[in-house]
Structure formats: structure tokens, C-alpha cells
Amino acid sequence: MNTPIYKSLLCFLSVIFFVSSFAQTGKLEKANVKYDKYHYIDAREIYLKVVANGYRSAEIYRKLSETYYFNSEYSGASKWYYKLLNEFPDDLVVTDYFRAAQCLKSSGEPREAERLMEIYKTKGGTALTIDSYKNVADTLFEKGVNDKLFELAKITVNTEYSDFGPAFYGDKIVFASSDKSVNAFEDQSVDLAGWDKQPFLDLYQVVVDEDMNLKEVELLKGEINTKYHESTAVFSKDGNTMYFTRNNFLDGKKRKDKDFVIRLKIYKATKAGDAWGNIKELPFNSDSYSIGHPALSTDENRLYFASDMPGTFGMSDLWYVDILGNDSYAKPVNMGNKINTAARETFPFVSTENNLYFSSDGHKGYGGLDIFVTKLNEDDFGEIATFGEPINSVKDDFSFIIKEGRIGYFTSNRDGDEGSKSDDIYQIWEHCEITIQGPITDEDTGELIPNAEVTLLDSNNDEIQKLVTGDDALFTFNLECNQRYVIRAKKEGYNPKEEIFETPKNPKTIEMPIVLNIPLTMKVSDPCPPNDLGCKLTLQPIYFDYDQSNVRLDAEIELAKILAALNEYPQLRIHIESHTDSRGRDAYNLKLSQRRAKSTLQWLLDKGIAKNRLSAKGYGESQLINKCVNNVACSEEEHQLNRRSMFIIKE
């Protein structure tokens, strides 16, 4: 990255304390002047020539290193930090180890980076920074904060210059860019910014359509953009109030600190029609330090920002103020040493789910600035966690914003080695996947049920996937978030089971054991009567149509079980019981049941079973199995349960 204005100005405190250990004339003095003004590109060339001419010192190496470091050209910085560490070990300051380690991480040398971090610790490196370097989770799943998976792509409106700092603004995205091709001030004589030879930044807006395509780029209307830097805005929910970052410039006047540096300030603007105006400087700004990158809390009663104001732990910290109304604000509060380190914390953003996202190179990451997140609680926050790839990289990744469950944006210079000129905005999509898994078990024994068939269906009841469990009785399905599904499980000898559920909005691995139960007549805990052949054969009831005694086709399937048993065991003799429902006269039902018993018996006789092995009797409605007695209203299905045949073993 090099967040152009922030790195050039907010890093000032870390630079001005370097004291030259020797005096030179000519080129070296000229370079020092340019260094203090942050014209790193020119200064670097001069320092290189000085070194090429044989002049070497810790100061030259350090300043050369930092011309690369603060422009995020970490491979170049690594070379000079190595020379500094090896040639001037007695002249090192503790931050040399830290910055060298950061560069090596970005250059793909994690082991050497860790070695330097250990030295940094033994040399008195701030315990806070070391503690925050402990290995946090690579994903946010374990933290329960925002455990989504992402895919990303550059937005189409990136330019050849620096583009960064996206902000949501209704159906638009507002971002900062130093592209002068559509700059309102291109006809004016505006010099290129000294930091990295890029045009000064302005704020642009771009429409995001329903398909997430970006179009209709234009400068933000009104009095926002000036001939100096504007960047990183945040908007109220009603779209009528805006906080943004600008150089110390208001009402046509620019102000500098005692070292002639133009600092950053946060300004407030209000909307009139389609243009922005009534720009006011926030009262806690100062000419002597920088404040920038505003973010609003979900209730819009608190403003978060980054600053190097007195009380800052490192190069820049995250702070907040309570918004009291009527353009008044409480005293700024540092967010504390759990978030803030001896390095840089910057670019805060608060999501609708009250997650605080920010960038840091003080917490353990991949290299350069990385994006971190923590859950905001009342006057406190949860554990700090970082994203893994692809959001974070070995380069600078920052200014992350997101609408949970939809789409987000962030800035990275991962595709270039030109410092802030390589800054591009990336669009991210949340690909949310749910894993549903679990065993199929027996309700009574708790034992696993292998070889069960498990089917996944969508909300339209269309089959998506079917599997048969193995010896471990486990099933696993990968599903989409926030969708409705059905899982069906079945196994011969068990009642089938169906689970209807909606997946959550965030990726999870959900344990969903499915318990199958055995029909009551088959349960070990309720064994079959010793003479009930139908129970022993898991026979389904033999049903008859109303007022009919002929054997139905579905009943023939069950009778075939009896037939097979009789053929397999010639010693078996059975008694057939036939029952009716309560409808009709009792005497008639008795005769009907007798006809049904005889028709069942006849079916078996027709299949070759000897008559002396069979007997049959009808019991009418005398042995009903439910409430459906005379004069009780019941459904056809309930009545049919009473129209049945049973097979009792006689021998």
C-alpha cells in the first residue's frame, strides 16, 4: 500500500527523532532535507549515490531502508536493513529489528523474520507488541466473529494511480483516488504530492448495481475536494452527514506544524440537494498531530479514528470520541494496549454486526499492514483475530469494509512494487458454506446404524445428494448458508426419519445426529409375543377395503412373507385373525371379518399350503386398536387401522 497521506504524515513522529551521527556536505545534506519532507523518491536516489561513493553509516542505511519501507517496497527495504544489521550492529535501535522482520515476512522469509522478532524482544521490544504477535487463529471460525469465506477481484474503476479507502454510501461506493484524468482541479496548477510523485487525492463516488457491477464514476459533488488531499469518508445511515479526512486545509487556508508538515484532520460535512457543504473541522483536531480515517458506531453515537496524538502507544493508534450532538464531542479516548501496539493501527470500520475491523502491522500477520477484527462490546471488545488468505497478503491490506451477508471491499498493493501507486480496491464476495454431519444411531441402544440411506433435498424437495453410511454410520453434506433443506434417513427395520432445517447465515460445521427408532412391535425392549408371526416377520398390517373381503395387491406382498415362512418351516401351523372397523352393524362386521379371514386363508391355500396347517376366524369389531368405536367420528385412515389380519402361531 502506502496509504499515501497517512503513511506520509502519520509516520512523522517515528522519523524526526533520528539524529545524524556525523556531518557531511553537499549531497548528504540535501538528502536529509528531502528526507524530512518525505520526498522519498528523490532522497532514495541521493542516498544510493552516497553509498555508491563509499559513504556508509547506520543513519544512511536506516534512512535508505525506510524510503523503501514506508513506501511498502519491502524487498528493497530488506536489503538495506540487512546491511544495517550486519555492518552497524552497535548502532541499532530496537525498531530496526521490528521493521526488518516485517520486511522479511513480506519477502517470503518467515523464519528469519521470527528470529529478528526474538532479538527485538530481547533488546527490550515493547511487551505489548510481542504479546500481540502470538499466533491467533488463521480463520475467524473459532472466534465466532465473522467466519466467512471470500473470493475477490479488483474493481473495474481502479486507475494507474493510488485508489483506496472505500466507504458505503447508499447504493454507491465512495473512495479516494489520485487519478487526475477526471479531477476537477486538473486545469489548475497543482503540483504532484511530494511523498510518491502522485497527484493529490480526491473523493469519488461510483454506483454499484444489483449485479455488483460498478459504473458511473464521478467526483463527489460540493465543497469536499480541494487542491490538497481528501480521503477515507464515512456516512450516516440517512446519507446526510459525512465525516472525512483532509489535509489541514479549510476556508482556503492551509496550516502546518512546527516542522512545516501539513497534518491530517477530520472534517464534517452535510448534504444539501446532491452536493456537500457546510464543512466544519472537528474540535479535537490539532495542527501538531494527525487525525484521520473516521468510522461510525452502529448507533452513530461514537466516532472511531486513527491518530498519533499525545497518549499514542506507537506510530498511530485507534481512538474514539462520543458524539454529544450540536457539533460537540467528548474527550478522545485511546482504545488501549490490547488493540494498539508500538507499530501502526489504522483504518477502523464498524460493521452492522458491531465488528470492529482495522489494519495493523503490530499484530501478527502476513507482512505489511494486515486486516484484523474484534467484536465490540459496551466499552470493551473481544479477542483480536486476523483473516487468512486471500484477504491478507504479504503486502499491505487495509481499509476493509463489509455488509455482512452481502459484499465488501478493501485495499491492497499486492499486485505491485510501486508503493502507494500500487494501491487498488478489491471487491469481495462472501461464499458461505455449511457442513452438516453426524451419525445415524439407534434410539434405544445408542448404537451406530451403518448402511443407512441418507438423502439431502432442497426446499423444493428436489434430491441434491444421496449416500449410504459406512461402518462409522456418518453422513456429511456441504450446504449453502441461509437456505432450507431436508435430510431423510432410513434403514430397513427402522422407521424413517426426516429433519427439516434452515442453515445459519455464517459458515459452521454443525453436528446433526439422526436417531432412528424401531417400530413398537419390533423393539427389543418390547419383544414380540412368542406366537405372533406377523411381529416376528416385521409384517405390515393386512388391510382390506371398506366392506370388501378380497385380498388387496399391497396385502399380497405381506402375505408373501407368511407364505415364505410356511414353506421354510413345514412344522409351522398358524391361525389367521381378521378384524373390521366399527362402522356397520356388529353382526354384519362379524360376518365380514369371517369372510376376510377365509379369503386370507384361501390365498395361502392357492399358493400350495396344506389346509391342515391353517385356520382362520373373524372377530368383527370386538378388538379395535384405537378410539374409533361406534358413533365416534374418525378418518378413513383411522378406520382402516382396524381392518386388519393377524397371524398367530399355533405350533
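Those letters in the sequence shown? Residues -23 to -1, 1 to 628, per mature numbering (1 follows the signal peptide of the UniProt record, and there is no 0), in order.
Just so you know, even glycine gets a beta-carbon here, dropped at the ideal spot from N, CA and C.
Fair warning: this is a prediction, and the values are worked out from it, not measured in the lab.
Let me make sure I understand the geometry here. Which of Gly365, Gly359, Glu598 has the alpha-carbon closest to that of lysine 341?
Reading the sequence shown from its first residue, position 364 is the one you call residue 341. The residue among Gly365, Gly359, Glu598 with its C-alpha nearest the C-alpha of lysine 341 is Gly365.
Excluding the 5 residues flanking arginine 321 on each side, which residues of the same chain have their C-beta closer than 6 Å to its C-beta?
Here residue 321 corresponds to residue number 344 of the sequence shown, with the count starting at 1. Only Met292, Ser293, Asp338 meet the Cβ criterion.
Mark valine 609 as exposed unless 16 or more other C-beta atoms lie within 10 angstroms of its C-beta, in which case mark it buried.
For the purposes of this step, residue 609 is taken as residue 632 along the sequence shown, with counting starting at 1. Exposure of valine 609 is indicated by the presence of fewer than 16 other C-beta atoms within 10 angstroms of its C-beta.
Residue span of the alpha helix (DSSP H) that contains glutamine 79, given as start and end
Here residue 79 refers to the residue found at position 102 of the sequence shown. Start and end: 71 to 83.
Work out the CA separation of valine 431 and threonine 218 for me, nearest whole Å.
Stepping through the sequence shown from its first residue, residue 218 is reached at position 241. Stepping through the sequence shown from its first residue, residue 431 is reached at position 454. A straight-line Cα-Cα distance of about 55 Å links threonine 218 and valine 431.
Should the stretch 438 to 455 be regarded as contacting the stretch 396 to 416, the criterion being three or more beta carbon pairs within less than 8 Å?
As far as the Cβ criterion goes, the stretch 438 to 455 touches the stretch 396 to 416, which means the pair count is three or higher.
Measure the alpha-carbon distance for phenylalanine 387 versus lysine 192 and round it to whole angstroms.
Numbered from its first residue, the sequence shown carries residue 387 at position 410. Numbered from its first residue, the sequence shown carries residue 192 at position 215. Cα to Cα, phenylalanine 387 sits roughly 18 Å from lysine 192.
For the putative contact between glycine 344 and serine 52, defined by C-beta atoms under 8 Å, what is the C-beta separation to the nearest angstrom?
Here residue 344 corresponds to residue number 367 of the sequence shown, with the count starting at 1. Here residue 52 corresponds to residue number 75 of the sequence shown, with the count starting at 1. In fact, because the Cβ distance is near 11 Å, the residues do not count as touching under 8 Å.
Would you grab the beta carbon distance between isoleucine 441 and leucine 434 for me? Rounded to a whole angstrom, and I think it's under 8 Å.
By one-based count along the sequence shown, residue 441 stands at place 464. By one-based count along the sequence shown, residue 434 stands at place 457. Distance from isoleucine 441 to leucine 434 at the Cβ level is roughly 6 Å; contact confirmed, criterion being Cβ atoms closer than 8 Å.
For asparagine 255 and glycine 302, the rounded distance between their alpha carbons
As a working note, residue 302 is residue 325 in the sequence shown. As a working note, residue 255 is residue 278 in the sequence shown. The straight-line gap from Cα to Cα measures roughly 16 Å.
Residue span of the alpha helix (DSSP H) that contains alanine 564, given as start and end:
In the sequence shown, the residue the question calls residue 564 occupies position 587. Note, alanine 564: alpha helix (DSSP H), 563 to 583.
How long is the line joining the alpha carbons of alanine 593 and alanine 429, rounded to whole angstroms?
Translated into the one-based positions of the sequence shown, residue 593 becomes position 616. Translated into the one-based positions of the sequence shown, residue 429 becomes position 452. Looking at the backbone, the Cα of alanine 593 and that of alanine 429 are separated by about 38 Å.
Identity of the residue in Ile626, Asn603, Lys627, Ile625 nearest glutamine 617 by Cα:
Taking the first residue of the sequence shown as position 1, residue 617 is located at position 640. Of Ile626, Asn603, Lys627, Ile625, the residue nearest in Cα terms is Asn603.
Helix, strand or coil for asparagine 494 per DSSP?
Here the question's residue 494 lines up with position 517 in the sequence shown. DSSP, read as helix, strand or coil, puts asparagine 494 in strand.
Below 8 Å on the Cβ atoms is my contact criterion, and I expect threonine 557 with glutamate 598 to pass it. Report the Cβ-Cβ distance as a whole number of Å.
By one-based count along the sequence shown, residue 557 stands at place 580. By one-based count along the sequence shown, residue 598 stands at place 621. About 5 Å separates the beta carbons of threonine 557 and glutamate 598, which is inside the 8 Å limit, making them a contact pair.
So, do the stretch 275 to 295 and the stretch 310 to 330 have three or more beta carbon pairs nearer to each other than 8 Å?
Touching, yes.
From Thr318, Trp406, Ser576, pick the residue whose C-alpha is nearest to that of residue 629; which is it?
Here the chain has residues from -23 to 628 only, and residue 629 is not among them.
Using 8 Å as the threshold, is the C-beta distance between glutamine 404 and leucine 180 below it?
Position 427 of the sequence shown, counted from the start, is the residue given in the question as residue 404. Position 203 of the sequence shown, counted from the start, is the residue given in the question as residue 180. With respect to leucine 180, glutamine 404 sits apart: the two C-beta atoms are not nearer than 8 Å.
Going by DSSP in three states, isoleucine 417 sits in which element: helix, strand or coil?
Taking the first residue of the sequence shown as 1, we reach residue 417 at position 440. Three-state result, isoleucine 417: strand.
Restricting to Cα atoms, I'd like to know which of Ile491, Ile487, Ser570, Ile626 is closest to glutamate 475.
Sequence index remark: in the sequence shown, residue 475 carries index 498 (1-based). Residue Ile491 is the option with its Cα nearest to glutamate 475.
Can you tell which of Leu273, Ile201, Ile243 has the C-alpha that lies nearest to the C-alpha of alanine 249?
On the sequence shown, position 272 is the one that residue 249 refers to. Ile201 is the residue among Leu273, Ile201, Ile243 whose C-alpha sits nearest the C-alpha of alanine 249.
Which same chain residues, not among the five before or five after phenylalanine 212, have their C-beta less than 6 Å away from its C-beta?
Here residue 212 is taken as the residue at index 235 of the sequence shown, counted from 1. Counting only Cβ-Cβ distances below 6 Å, and skipping sequence neighbours, we find Tyr146, Met219.
Just checking my contact of phenylalanine 358 with valine 298 at CB under 8 Å: how many whole Å lie between their CB atoms?
In the sequence shown, the residue the question calls residue 358 occupies position 381. In the sequence shown, the residue the question calls residue 298 occupies position 321. Their Cβ separation, rounded to whole angstroms, is 17 Å, which puts phenylalanine 358 and valine 298 out of contact at 8 Å.
Boundaries (first-last residue) of the beta strand (DSSP E) holding isoleucine 243
For this step, residue 243 is matched to residue 266 along the sequence shown. For isoleucine 243, the enclosing beta strand (DSSP E) begins and ends at 241 to 249.
Taking C-alpha atoms, which residue in Ser576, Arg560, Leu581 lies nearest to cysteine 611?
Position 634 of the sequence shown, counting from 1, holds the residue named residue 611. Ranked by Cα distance from cysteine 611, the first of Ser576, Arg560, Leu581 is Arg560.
Would asparagine 332 pass as a contact of valine 350 if the rule is Cβ separation under 8 Å?
Here residue 332 refers to the residue found at position 355 when the sequence shown is read from its first residue. Here residue 350 refers to the residue found at position 373 when the sequence shown is read from its first residue. Cβ distance < 8 Å, so asparagine 332 and valine 350 count as in contact.
Cβ distance (whole Å) where valine 528 is taken to contact serine 570 below 8 Å
Counting from 1 along the sequence shown, the entry for residue 528 is found at position 551. Counting from 1 along the sequence shown, the entry for residue 570 is found at position 593. Their Cβ separation, rounded to whole angstroms, is 14 Å, which puts valine 528 and serine 570 out of contact at 8 Å.
Within its chain, find whatever has a CB closer than 7 Å to the CB of glycine 447; leave out the 5 residues flanking it on each side and keep chain order.
Mapped onto the sequence shown, residue 447 falls at position 470. Closer than 7 Å at Cβ, skipping near neighbours: Pro427.
So for leucine 178, helix, strand or coil by DSSP?
Numbered from 1 along the sequence shown, position 201 holds the residue referred to as residue 178. Leucine 178: coil per DSSP, three-state reduction.
Range of the contiguous alpha helix (DSSP H) that encloses arginine 88
To locate residue 88, count along the sequence shown from 1; it is residue 111. Start and end: 87 to 99.
Straight-line CA distance for threonine 480 to glutamate 488?
Position 503 of the sequence shown holds residue 480. Position 511 of the sequence shown holds residue 488. A straight line joining the alpha-carbon of threonine 480 with that of glutamate 488 spans about 12 Å.
Can you tell me whether DSSP reads proline 271 as helix, strand or coil?
For the purposes of this step, residue 271 is taken as residue 294 along the sequence shown, with counting starting at 1. Residue state for proline 271 is assigned as strand, using DSSP reduced to three classes.
For serine 399 and arginine 391, I'd like the C-alpha separation in whole angstroms.
In the sequence shown, residue 399 corresponds to position 422, counting from 1. In the sequence shown, residue 391 corresponds to position 414, counting from 1. Near 8 Å, if we compare the C-alpha coordinates of arginine 391 and serine 399.
So the candidates are Ala144, Pro176, Lys98; which of them puts its Cα closest to the Cα of threonine 136?
Here residue 136 refers to the residue found at position 159 when the sequence shown is read from its first residue. Residue Pro176 is the option with its Cα nearest to threonine 136.
In terms of DSSP beta bridges, what is isoleucine 256 paired with?
On the sequence shown, residue 256 is found 279 positions in, with the first residue counted as 1. According to DSSP, isoleucine 256 bridges with nothing at all.
By alpha-carbon positions, which one of Arg223, Ile348, Asp522, Pro66 ends up nearest to alanine 246?
Taking the first residue of the sequence shown as 1, we reach residue 246 at position 269. For alanine 246, the closest alpha carbon among the candidates Arg223, Ile348, Asp522, Pro66 is that of Arg223.
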